[in-house]
Amino acid sequence: MSTSNAALRLDDLCKSYGRIRAVDHLSLEVRAGEMAGFLGPNGAGKSTTLYMTSRLVHPTGGEIEIFGRNVWSDFKSAIRYVGTMVETPSFYEYLSARKNLELMGRLRGNVTERDIRDNLERIGLSERQDDKVSTYSHGMKQRLGLGMALLGRPRLLVLDEPTNGMDPEGTREILSFLQEKVRDDGLTVFISSHLLYEVEEYCDRVFVINHGHLISSGKVKEILAPHENVVLVSFGGKPPDTEALIKEEGIEHIEILPGEVFEITLANRDAAWLNGLLLKWGYKVSSLISKRKTLKEFFLSITGGKE
Amino acid sequence: MSNMIIPLLRNEVAKATRTKLPYFGFLVISILCVLIFIVTGSTLDGETLNAWGYTCLSMQLVFTDIGLICLAVFSSMLIAEETAFGTVRAVLSSPVLRWEFYTAKVLTGLLYAAAMSIISLIVSACLGSWNFEFGDVADSMGLIYSNKEVFVNFLLAFFLSWIPLASLVMYGIFISTIVRRSGQAVAVTIGTIYLIDFTKHIVGIDSYIFTRYIGFSWQVFNQVAQGVDYHWRPQVWNMIAMSLVYCFVLFAAGLTIFSRRDING
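Chains as they are written, first to last, in my numbering: chain A, 38 to 344; chain B, 1023 to 1287.
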C-alpha cells in the first residue's frame, strides 16, 4: 500500500477507550501535494485519528508515518514537517497574536521575525497583532490557529474542522487559501470535516470514516457524486402541468419546494434527458441542477441504509 | 534534533513575566517581610537580636506560611493551566517531547522558588540592617562566632533551604499533572499540604514529611545567630535525603503519568 510520495500513511491504526473502539484498523495514505478530505459524522473517529498523527493520543495499535518517518520512533524528524490544528485552536489568551506566534515559532526552530510578520499578514491579523487574543472573535482565533499551523513552512497541514464556527465568507477565504498553497507551493493538506460541500468543492481525494473505520475512499468526483436521479428545476415562464408530467415514463415523483422549485425524481433517466423532455414540451427552464446529497443521504447511500 | 528545554524555559519566563501571579507572590512576601520588621522592631532591640537573627527569623516565617502558599499556587498551576486551556496540545504538536515539556515546567517552578527566596532574602536583609547589625556574634564574655563563620553558615542555611522548597515545587507540579483544572489543582495542593501538616504528629509520620524541613536550615542558623551551640548533622542528612527522595519520586511519577496520558480535548 505504501508509495514513495506518501505524505501521511496510517497503517492498521487502532484506538480503544475501554470497550469502545474509536478507531478501528484504519489504513489510509495521503499523497504529497494533494488536498485530501477526511469526512465523517460527529463521533466517527476523525479527531482521535488526527490527535494520533501528532502523538497527542497513544494508539492501541498500528503505525503512522509522515514523509516516511515513524511518528512514534522518530517523532522530532516527523513532526517538523507538520503543521497541526486539532479542534478549536488554543492560545495564551493573555498574550497578543504576535507573542503567541513568537512562542510557537521558538519551538519550531526555523521561524524568523519576518516569517511571523508575513504570517500575520497572510491570515489578515496584522492590524490586531498586538491585541490580546482574549479580545479576538471566534473567526479571528480560527485564522490565528491556521497561522500557527503554517509556522515553520510545514510540508503537511493536518487540520481538524478548521472552518468550524466561521461565516461562509471566512470559510471560503481559508479553503481557497489552502487550495492555493497546495497548487503553488506543493503543500499537502489533510482536512477533516463533517460538511460535505467543503470537501466536495476543495479536496482532490476523500477518505470517509464511520464508527472508526474507513468505509470509502477515492476521488471526490467519484465518491461524492451528486444524486443522479433527483433534479431541481426552476422555470422562467409558466410552471409545468405536474399532472401531465408525472405520466411521462421516466419520471417517478414530483414535489414542489418553496420558491417554485420542482424536485423531480427520475427512474433510470438523467438530468440531460429531463432537460430535453421539458424543452420538447415547450417549458422555459431557467435552471436545472442535480440535487446534492446531504451528509446523511451520502452515508446512507454508501452504507446501504445502515447507520 | 536539539534539546527543546531551553526554548521551552524561555517561553515559560516570557509567559510568567506577562501574568500577575508571580508578581503578586513577590509582593506578598515583601509585605510579609515588612510586617515582620514592624513587629520585631517594636518588641525586640539590638541587645536581644542581631541582623543575622532577624534575617533568619524573617526567612523562616516567610517560607513556613505565605511563601509556601504562593509557591504551591504557582507550581500547581504550571501544567493544569495548559491542560485546561488546551495550549498543551499546540506545544506538544511541535517538535517537543513530553519529558522536555515536563522538565521545563519543573525548572520554571524551581526558578520561581529561587527568585522568591532571593527576593525575600534581599528584603529581609535590607530591613534587618536598618535596625540591627551584621557582624560578629558575641556576648559579654567576648567573641562567640566570627562574622566570617556566621556568613558561611548563613549561606549554607540559605542554599539548604532550597532543597525542601524543590520538593514542594515537585509536589505542586505532580498535582498539576493529575488534576486537569488549575483552580482544583491549587485547592488540592494546598488542602493536602495543610491536612498532612495538621495530622502528621498525630499519626507519627512527622519525620517523613518534607514540609517539616522547610524551616529546618533557618532553625539551625538561628542557633548560630544567637551564639549558642549549633549542629547541622545528623539532621541535615535526613533533610537532604528525605527531600531528594520526594523530588525524585514525585518527578518520576508525574512524568510517567504525563507521558502516558492521552491529550485530547
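Glycine included, each C-beta is placed from N, C-alpha and C at the ideal position. Since the structure is predicted, the reported quantities are computational estimates derived from the model, not experimental observations.
Anything in the stretch 237 to 266 of chain A with a Cβ closer than 7 Å to a Cβ of chain B? List those residues in chain order, please.
Taking a C-beta cut-off of 7 Å against chain B, none of the residues of the stretch 237 to 266 of chain A qualify.
Measuring straight from C-alpha to C-alpha, what distance separates B/L1133 and A/V245?
Taking the Cα positions, B/L1133 is about 49 Å away from A/V245.
Give the DSSP bridge partners of A/L47, in chain order.
A/L47 pairs with A/L65, A/I101.
Cβ contact check for the stretch 246 to 253 of chain A and the stretch 90 to 99 of chain A: 3 or more pairs under 8 Å
By the criterion of at least three beta-carbon pairs nearer than 8 Å, the stretch 246 to 253 of chain A is not in contact with the stretch 90 to 99 of chain A.
Are the C-beta of B/G1075 and some C-beta of chain A separated by less than 8 Å?
So no, B/G1075 is outside the interface.
How close, in whole Å, do the beta carbons of A/P126 and A/Q179 come, if the pair is a contact with beta carbons under 8 Å?
Confirmed, about 7 Å.
Could you check whether B/I1141 and B/F1048 sit closer than 8 Å to each other, using their CB atoms as the reference points?
Closer than 8 Å, so yes.
Check the Cβ-Cβ distances between B/K1127 and every residue of chain A, and say whether any is below 8 Å.
Any Cβ of chain A closer than 8 Å to the Cβ of B/K1127 would place that residue at the interface, and such an atom is absent.
With respect to the alpha helix (DSSP H) encompassing B/N1175, which residues constitute its N-terminal and C-terminal limits?
Segment 1169 to 1182, the alpha helix (DSSP H) holding B/N1175.
Do A/V219 and A/E71 have their C-beta atoms closer together than 8 Å?
It is a contact, given that the beta carbons lie within the stated cut-off.
For A/I293, which residues of its own chain have a beta-carbon under 7 Å away from its beta-carbon, when the five flanking residues on both sides are left out?
The beta carbon of A/I293 sits closer than 7 Å to the beta carbons of F299 from its chain, once the five residues preceding and following it are set aside; these are given in chain order.
Residue of A/Y129, A/I103, A/E237 minimising C-alpha distance to A/L76
A/L76 has its Cα closest to that of A/E237, out of A/Y129, A/I103, A/E237.
Can at least three beta-carbon pairs, one atom from the stretch 80 to 90 of chain A and one from the stretch 59 to 68 of chain A, be found at a separation below 8 Å?
Yes: the two stretches touch, three or more of their Cβ pairs being nearer than 8 Å.
Measuring alpha carbon to alpha carbon, tell me which of B/G1205, B/A1263, B/Y1193, B/T1278 ends up nearest B/L1090.
That would be B/Y1193, whose Cα lies nearest to the Cα of B/L1090.
Mind checking B/W1074: buried by the 16 CB within 10 Å criterion, or exposed?
Buried, by the Cβ-count rule.
Please list, in chain order, the chain A residues whose beta carbon lies closer than 8 Å to that of B/A1102.
Simply none; closest approach about 14 Å.
How is B/M1026 classed by DSSP in three states: helix, strand or coil?
Coil.
Tell me the residue span of the alpha helix (DSSP H) that contains A/A304.
For A/A304, there is no enclosing alpha helix (DSSP H), as DSSP marks it with neither H nor E.
Residue range of the unbroken beta strand (DSSP E) whose run includes A/T121:
Counting along the chain, the beta strand (DSSP E) containing A/T121 begins and ends at 119 to 122.
Out of B/S1080, B/D1158, B/S1162, point me to the one whose CA is closest to B/I1060's CA.
Answer by Cα proximity: B/S1080.
As a quick exercise: from B/F1154, B/V1267, B/V1246, pick the residue whose alpha carbon is nearest that of B/K1170.
Looking at the Cα atoms, B/V1246 is the closest of the given residues.
Would you report the Cα separation of B/D1219 and B/F1181, rounded to the nearest angstrom?
Taking the straight line from one Cα to the other gives about 23 Å.
Does the CB of B/R1040 have a neighbour CB from chain A at under 8 Å?
At least one chain A Cβ lies under 8 Å of B/R1040.
Could you give the DSSP three-state label for A/E144: helix, strand or coil?
For clarity, residue 144 of chain A is Leu in the given sequence; the question names Glu instead. Secondary structure of A/L144 (DSSP, three-state): helix.
Answer yes if the stretch 1258 to 1273 of chain B comes into contact with the stretch 1224 to 1240 of chain B, meaning at least three C-beta pairs across the two stretches below 8 Å, and no otherwise.
Pairwise C-beta distances place the stretch 1224 to 1240 of chain B in contact with the stretch 1258 to 1273 of chain B, as three or more of them are shorter than 8 Å.
Find out if the Cβ-Cβ distance for the pair B/I1101, B/T1199 is shorter than 8 Å.
Yes; because the gap between Cβ atoms is below 8 Å, this pair is in contact.
Is it a yes or a no for the stretch 141 to 153 of chain A touching the stretch 108 to 116 of chain A, going by three-plus beta-carbon pairs under 8 Å?
No: the two stretches stay apart, fewer than three of their Cβ pairs being nearer than 8 Å.
Collapsed DSSP secondary structure at A/S229 in the structure displayed:
In the three-state DSSP reduction, A/S229 falls in the strand class (E or B).
Residue nearest to B/P1186 in terms of C-alpha spacing, selected from B/S1229, B/A1207, B/V1159, B/R1202:
The residue with the shortest Cα to Cα distance from B/P1186 is B/S1229.
Whose C-beta lies closer than 7 Å to the C-beta of A/E344 among residues of the same chain, with five residues either side of it excluded?
Interpretation of A/E344 is limited by its pLDDT of 48, a score under 50 that renders its predicted location unreliable; the figure taken from the coordinates is listed afterwards. For A/E344, where only same-chain residues beyond five positions count, there are no Cβ hits under 7 Å.
Report the residue from A/I160, A/P78, A/A304, A/T208 whose alpha carbon sits nearest the alpha carbon of A/L188.
Nearest option by C-alpha distance: A/I160.
Determine the closest residue to A/W318 out of A/D278, A/K328, A/I101, A/D167, with distance taken between C-alpha atoms.
Ranked by Cα distance from A/W318, the options A/D278, A/K328, A/I101, A/D167 are led by A/D278.
Of the residues A/C240, A/A186, A/H231, the one placed nearest A/E217, counting alpha carbons only:
Selected option, being the one with the closest Cα: A/C240.
DSSP puts B/D1161 in a beta bridge; with which residues?
Paired residue(s): B/G1164.
If you compare alpha carbons, which of A/L224, A/E210, A/D204, A/T200 is closest to A/H231?
If we check each option's Cα against that of A/H231, A/T200 comes out closest.
Reducing DSSP to helix, strand and coil, say where A/M38 ends up.
Since pLDDT at A/M38 reaches only 46, below the 50 mark, its modelled position is unreliable, and the value read off the structure follows with that caveat. The DSSP-derived three-state label of A/M38 is coil.
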